[in-house]
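Counting from -7, one number per residue, gives the positions in the sequence shown under this note's numbering. Written below as structure tokens is the structure these notes are about.
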Amino acid sequence: MRFDLDDAQREFARTLDRMLSAADTPAVARAWAAGEHGPGRALWTRLADAGVFALAVPEAYEGVGPLPVELAVALIEAGRHAVPGPLVETVAASALLTALAEEADGSAGDSGGTTRYPRGTTASTGDDPEGPGGTTASAGDSPRTTPSTGDNPRDPGGSTRNADDTSKKANDTVRASDGTTGSAARAAAGFWLPRIASGRASVTLAAPAGGPYALDADAVDAVFTVEAEGPTVRLAAGHDPVQPSFDPARRLARPVPAGAVLARGRAAAAATARATDWAAFATSAQTLGVGLTLLDRTVAYAKQRAQFGRPIGSFQAVKHRLADVHVALEFARPLLYGAAVALAGGARDAGAAVAAAKVAAGEAAYDAARAALQLHGALGYTDEYPLSLWFRKARALRTAWGSPAHCRARVLAGRPVDRPVDRPTD
């Protein structure tokens, strides 16, 4: 099967590329890593204006989705330009809230085109959002804080929205429900999903995986958590201080294990399964974009750097190394779009398709990072050189929302059992 984008999708990619190229995203990413969220939040507003976040939100909640193919297009561009922030987690939280609302309404599995993912799958296990080696933080007894109050998205009138005010309104909305978790889930979806679609609010999600971390909890309006016991979905009451991460632009913090309960038990498990797979899918797209930029920058550098009186890119060994990276990235691309088609069509093997895309994109981008460092030499290791923004991200995203081993296991689990081959006898 051949996967090809239509003219509108290609133009969408070109539009995002032009917008992000003009936004000086390396400077935005460095400011985000330093805890200065203003430039990043302004960029998120522009992405929302371009319709990116609405792609993850159903039409019933003022979105246009979920549209996984268009989401893949947008997140590839975000990865190519090293856009900071919980892009993946926003997609996953949207899927989580949508699933919880559908379950509460008794309409899951018969949503008239809104739900595009099969029920009954199991949640990913064994990987926190950063994965092994992605953070040096320990569980610790660090002091707990409330969400940051600065640099939040502007509302339609252009003013700055305060995160505490937004969270208070959301909690008031949940408390105004009839007290059941179904009512709380509907209230949370009705409050947050339209705001996510329009960019009036940003959210992040921490799933149960060896002590959950929430990405960029200090920069968002809400942190949703999934506790393994139950399982239980909550709107977190706050978060611990930000911890060190391999990628400084991926700011990790532990959510406070308290807050309004949105769902428990089977409903929480089914919603978490859907959200986890959408997170893995979105990570695959972002990772592919990271790998593409690493390759482009390395090819350009190989044409400029000279050794023995000629550009290093003219040497056959360098050409072969870069060709291998190119082949791996292009091999991951159809797997990504295949996963998008599976998600859109509600295919039974969508989880396995997502896992295949995740491992292919993660390994290809990781190999691109290794090749980039090898061919750039010492220059590539310096923090001041822009390459570090992408190769650090490639390492972190490789294990985020599913390690390579976990994804390979899911791919094998999703395959049909092969029948024994009848061998001819003499």
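Virtual Cβ for every residue (Gly too), placed ideally from N, Cα, C. All figures in this text were calculated on a predicted structure; none of them were measured in a lab.
query	result
Three-way DSSP call (helix, strand, coil) for G174 in this model	helix
CB contact flag (T437, L321, <9 Å)	Here the chain comprises residues numbered -7 to 418, so residue 437 is not present and cannot be evaluated.
Of the residues A309, R325, H398 and A277, the one placed nearest K385, counting alpha carbons only	A277
Rounded separation between M11 and R33 - CA only	15 Å
Pairwise C-alpha distance: A348 and A324	9 Å
Where P236 falls, given that 16 or more other Cβ within 10 Å makes a residue buried	exposed
Proximity winner among A181, L367, L(-3) and P249, relative to V49 (alpha-carbon distances)	A181
C-alpha distance - T37 paired with G43, whole-angstrom precision	10 Å
Beta-carbon proximity of V215 to G230, cut-off 9 Å	yes
Sufficient close CB pairs (3 or more, under 8 Å) joining the region 252 to 260 to the region 270 to 289	no
F(-5), DSSP secondary structure in three states	coil
Y377 versus V317, S194 and L286, residue with shortest Cα-Cα distance	L286
Residues near G191 by beta carbon distance below 8 Å, same chain, minus five either side	W36, T37, L39, A40, D41, F45 and P145
Coil, strand or helix - P236 by DSSP	coil
Distance, E62 Cα to L47 Cα	7 Å
Host beta strand (DSSP E) of R242 (start-end)	Careful: R242 lies outside any beta strand (DSSP E) and carries neither H nor E.
Through-space distance from V403 to A388, alpha-carbon basis	21 Å
F273 in three-state terms, based on DSSP	helix
Beta-carbon proximity check, A23 vs H29, cutoff 9 Å	yes
Best match in F183, Y53 and F273 for proximity to L227 [C-alpha to C-alpha]	F183
A177 to A220 span [Cα, whole Å]	18 Å
Spatial distance of G337 from A70 (CA atoms)	25 Å
Which of helix, strand or coil DSSP assigns to V346	helix
Residues of its chain near H73, where Cβ-Cβ distance is below 6 Å and the 5 sequence neighbours each way are ignored	L12 and T17
Own chain partners of P135 with C-beta closer than 6 Å, once the 5 adjacent residues on each side are dropped	Annotation note: pLDDT 31 at P135 (below 50); position unreliable, no value reported.
Cβ-based neighbour list, L419, same chain, cut-off 6 Å, excluding 5 preceding and 5 following	For residue 419 there is no data in the structure shown, the boundaries of the chain being -7 and 418.
Paired residues, beta bridge with L92 - DSSP	DSSP lists no partner for L92.
Simplified DSSP state of R192, which is helix, strand or coil	coil
For E219, the residue or residues it bridges with in DSSP	T224
Residue(s) in a DSSP beta bridge with Q299	R302
Residue range of the unbroken beta strand (DSSP E) whose run includes V56	That residue, V56, is in no beta strand (DSSP E); it is neither H nor E in DSSP.
Supposed close pair A64, A332 - CB separation, criterion 8 Å	5 Å
Assigned exposure category for S306 - 16 Cβ within 10 Å defines buried	exposed
Residues sharing a beta bridge with A206, DSSP	A245
For K295 and A66, the rounded distance between their alpha carbons	29 Å
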